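Residue numbers (my numbering): 189 to 411.
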């Protein structure tokens, strides 16, 4: 990439990094916001520019974001934190389905299949079940929730998001404190995945060699 082509990418990266560090009001999940500012007074869409700035300060103090910043995104893994919340949720969903893939193959059941299709989409399920390379470093089961399809789908989603969070654990507290705000409040309460070196390598290969190129191609430039 020549310097002229490289400059817009660096500008966009810097903009995302500034927003990530300074404007949590732009990306905080609604479930966290309700913990901070009950009612609709803290709904960002209802606030003007001054209100949004005030909300950003409140959130930074509430969650300790004003204690440290994280502007080092030289590692491609850390740049995952800069993805918009909706894109991170898609990535988390894919990871969650990969975690449960073998269990889902064995579970069967029309109710569960219908709920998974409604929650994640038929195309997503087909991709994970048929095209994702072997992923066996970590495995979870839906068996305890097999008779409760909605709860099973929710658990798959939460575990996938938690895996993304824990994959970025080496980045440190300043990044993780902000990143968790992009996911629903309950994700942070999930048991952490204490990834060893081999597991981390396989998660990295899953994300960067498969899911981003195949599922999030519009964000290839960030990595």
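All residues carry an ideal CB built from backbone N, CA and C; glycine is no exception.
All of these numbers come straight from a predicted model, not from anything done at the bench.
Count the CB pairs spanning the stretch 392-411 and the stretch 241-257 that are closer than 8 angstroms, and state whether there are at least three.
no
Grab me the residues of residue 401's own chain with a C-beta within less than 8 angstroms of its C-beta, minus the 5 sequence neighbours each way, in chain order.
Here residue 401 corresponds to residue number 213 of the chain shown, with the count starting at 1. Once the five neighbours on either side are set aside, the close Cβ partners of residue 401 are 408.
Ends of the alpha helix (DSSP H) at residue 337?
Start at 1 with the first residue of the chain shown, and residue 337 comes out as number 149. Unbroken alpha helix (DSSP H) run through residue 337: 337-355.
To the nearest angstrom, how far is the alpha carbon of residue 281 from that of residue 373?
As a working note, residue 281 is residue 93 in the chain shown. As a working note, residue 373 is residue 185 in the chain shown. Their Cα atoms are separated by approximately 16 angstroms.
Residue 397, buried or exposed, once every other Cβ within 10 Å from all chains shown has been counted against 16:
For the purposes of this step, residue 397 is taken as the residue at position 209 of the chain shown. When all chains shown are included, residue 397 counts as exposed.
Can you name, in chain order, every residue of its own chain whose Cβ lies under 8 angstroms from the Cβ of residue 411, other than the five neighbours on each side?
Your numbering for residue 411 matches position 223 in the chain shown. Cβ neighbours of residue 411 beyond the five flanking positions: 264, 267, 396, 400.
Do residue 328 and residue 287 have their C-beta atoms within less than 9 angstroms of each other?
Numbered from its first residue, the chain shown carries residue 328 at position 140. Numbered from its first residue, the chain shown carries residue 287 at position 99. Against a cut-off of 9 angstroms, the Cβ pair of residue 287 and residue 328 comes out as a contact.
Whole-angstrom C-beta distance between residue 352 and residue 304, which should lie under 8 angstroms
One-based indexing of the chain shown puts residue 304 at position 116. One-based indexing of the chain shown puts residue 352 at position 164. Their Cβ separation, rounded to whole angstroms, is 19 angstroms, which puts residue 304 and residue 352 out of contact at 8 angstroms.
Starting from residue 362 and walking both ways along the alpha helix (DSSP H), at which residues does that stretch end?
For the purposes of this step, residue 362 is taken as residue 174 along the chain shown, with counting starting at 1. That run of the alpha helix (DSSP H) goes 361-367.
Residue of 250, 345, 333 minimising C-alpha distance to residue 285:
Within the chain shown, residue 285 is the residue found at index 97, counting from 1. Nearest option by C-alpha distance: 345.
Looking at the structure shown, is residue 174 part of a helix, part of a strand, or coil, going by DSSP?
Any property of residue 174 remains undetermined from this structure, which presents the chain solely from 189 to 411.
Would you report the Cα separation of residue 361 and residue 334, rounded to the nearest angstrom?
Here residue 361 corresponds to residue number 173 of the chain shown, with the count starting at 1. Here residue 334 corresponds to residue number 146 of the chain shown, with the count starting at 1. Approximately 35 angstroms, taken between the alpha carbons.
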